[in-house]
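Scroll down for the structure; my scribbles are underneath it.
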Amino acid sequence: MHQNGREGRRELNGMNGSIGSVGSAQSARSVGSSPKSVASRLTESNGSTSVPLIDPTEYRSFCFRGEGRMNFVISAKHANNGSRIVWRFAKARKSGLVTVKAKSELVNEYMEKIVSPCLSPNYLVNPKIIEMKVNDVHQLVKIPSLPPNKKIESFEELLQLPENLSFLPLVSIPKNVTRISALEMLDATRIPKELPEYVGPTITVEIKPKQGFFQTHPTINVPFCNNCILQMEKCQSDTFKQMYDFCPLQLFSGDFGRMRHALQSLIHIPHRNLRLFVDGNLIHYDEKTLEWGELNRALFDRMEQKLQEGDEPLKFGIDDILDALCLIISGSVSFESFALQPHSVLAQILKAQQIDSIGIVRAHCMLKQLADKQLNKLRDKTRIAKIGLQGVLALPEDDPLSELIKYFVAATMKDCSVMVSLRRIPDSSIDSTKLHGNDIIAMPNGKNAKKIFFLRNSLQGWIEMTIFKVEIRIRLIHFQILSDIGPKSSK
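Counted the way the UniProt record's numbering counts, the sequence shown spans residues 1 to 491.
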């Protein structure tokens, strides 16, 4: 029963773990949490350390945003202030059910101490730790069993659904557990309304860029990057029906033609590297792909209207979205000066990925050779968060344990998702808006060279992160390696 309506789903506020913010930086930070320390973020005015207890009856319009190996993601809209957020409920690795042993504090600290320093603040909105009563969580995690894009308008409606739909069975909850912690974040698929007029829906593109540099491996001589090797293996094992033409090296190249080709390849065959949303509804992903014409109609039918009296209707298409995405993720302001700018989200992700100097094959070999004492240090996930990014970078070279720690930190950035939300705005809104220039993408359209203006989330990308993998799966053509640094029996 737990498989109903959710086969193969992955997480939005990352396809496997992630971030996000939409609207202006000011409004985003007013709803999300500020980059304070974990302790100060949990301290209330009375000086005691506590976590807010959320009452889901104060929310409405609940829906499923996705799931990964680590989380279920549920979206909800606050009934009073109208803000739309997501709650990330941790999963047990073996059962796939919601776990009552969520390590929200650890995940939050890792985001704060390791991930955040890798990226400019305008690309991040930090999560907020919350708690809910177990019975409330039991009701909420019925939602992943419902059909895709199904909205539940009130919490009371959940009470009427069958109990066996829940991914938190009441019989599995220990009697001494009364609350479950989760992470609360802004919903990256929506742009808060700040302008008097918009044209058409909010379009959100979620991209999983993967490793953006070529890495050689001992005893392996193949002219393919890590991602292409993995995708070929998956196609060979029938995980996917056909190979796609996407290569991360093109996406990170800084060349407009190559970047655009990479994105267009993902539109044609997304695999698990791209998802498209319209007003928060998932419409295009690996298990449900639309043909080019269908996708154009789904995205742009509502945009084809006259913006001013006497104008001919302007036509919009996926090509416009691809061009806008290239400008946004490269940090470029025009096609004439197009390049991967150092301040761009892709350039910063790439720099963080290159903390890894050993690669996946050497990492596997080093892992097998570690002594028990070193393995225990590597298994201590709190240790990495405590020393922070600068501490990781300062670790000695040529030390297997240090190199493995760097490898795992880089692995987080190799498996992140970038989410960009766009919405068409008419020319009349440009003059009246107080938004910063970086919030608006202007592009030529048609023979009359009129401009298309897109309002994007002013944080440009909501970077969603996979938090410190405790299991590495190394899959190459014709062979498979499994390394697990989780708890093991002593020798």
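Glycine included, C-beta positions come from ideal geometry on N, C-alpha and C. Quantities reported herein were computed from a predicted structural model and do not represent experimental measurements.
Scanning its chain for C-beta atoms nearer than 8 Å, with the 5 sequence neighbours on each side dropped, one finds around residue 98 the residues 72, 89, 90, 91, 92, 137, 141, 167, 168 and 180, in chain order. As computed with DSSP, residue 202 is found in a beta bridge with 423. Between residue 395 and residue 384, the C-beta gap is not smaller than 8 Å, which leaves the two residues out of contact.
Taking the Cβ atoms as the reference, residue 377 lies roughly 33 Å from residue 273, outside the contact range of under 8 Å. Comparing C-alpha distances from residue 173 to each of 101, 157, 355 and 117 shows the shortest one belongs to 101.
By the Cβ neighbour-count rule, residue 68 is buried, with 16 or more other Cβ atoms within 10 Å of its own. The three-state reading of DSSP puts residue 405 in helix, counting H, G and I together. By DSSP's assignment, residue 85 forms a beta bridge with 76 and 186.
Taken through DSSP and simplified to helix, strand or coil, residue 247 comes out as coil. Rounded to whole angstroms, the Cβ separation of residue 322 and residue 258 is 12 Å, and the two are not in contact under 8 Å. Taking a cut-off of 8 Å on C-beta distances, the stretch 54 to 61 touches the stretch 144 to 157, as three or more cross pairs fall below it. Shown here, residue 129 sits in a strand according to DSSP, grouped into three states.
Under the Cβ criterion (8 Å, minimum of three pairs), the stretch 282 to 289 does not count as touching the stretch 332 to 348. Under DSSP, residue 288 shares a beta bridge with 285. Taking all protein chains shown into account, residue 415 has 16 or more neighbouring C-beta atoms within 10 Å of its C-beta and is therefore buried. Around the beta-carbon of residue 210, 16 or more other beta-carbon atoms lie within 10 Å, marking it buried.
Cβ contact annotation for residue 380 (same chain, cutoff 8 Å, sequence separation greater than five): none. Sequence-distant partners of residue 52 (beyond 5 residues in either direction) whose C-beta falls short of 6 Å from its own C-beta, in its chain, are 130. Residue pairing by DSSP puts residue 71 in a beta bridge opposite 90. The closest CA to that of residue 82, considering only 418, 95, 94 and 62, is found on 62. Burial check for residue 77: the Cβ neighbour count within 10 Å reaches 16 or more, so the residue is buried. Taking C-alpha positions only, residue 370 is separated from residue 224 by approximately 29 Å. In this structure, DSSP gives residue 293 a helical state, which the three-state scheme calls helix. Residue 441 is positioned such that its CB atom lies closer than 8 Å to that of residue 324. Among the bridge pairs identified by DSSP, residue 66 is matched with 73. Per DSSP, the continuous alpha helix (DSSP H) segment holding residue 265 begins and ends at 256 to 268.
Per DSSP, residue 274 is not a residue of any alpha helix (DSSP H); the beta strand (DSSP E) it occupies stretches across 274 to 278.
Comparing alpha-carbon positions, the option among 280, 278, 291 and 143 lying closest to residue 265 turns out to be 291.
Sorting 360, 374 and 387 by C-alpha distance to the C-alpha of residue 408 places 360 at the top.
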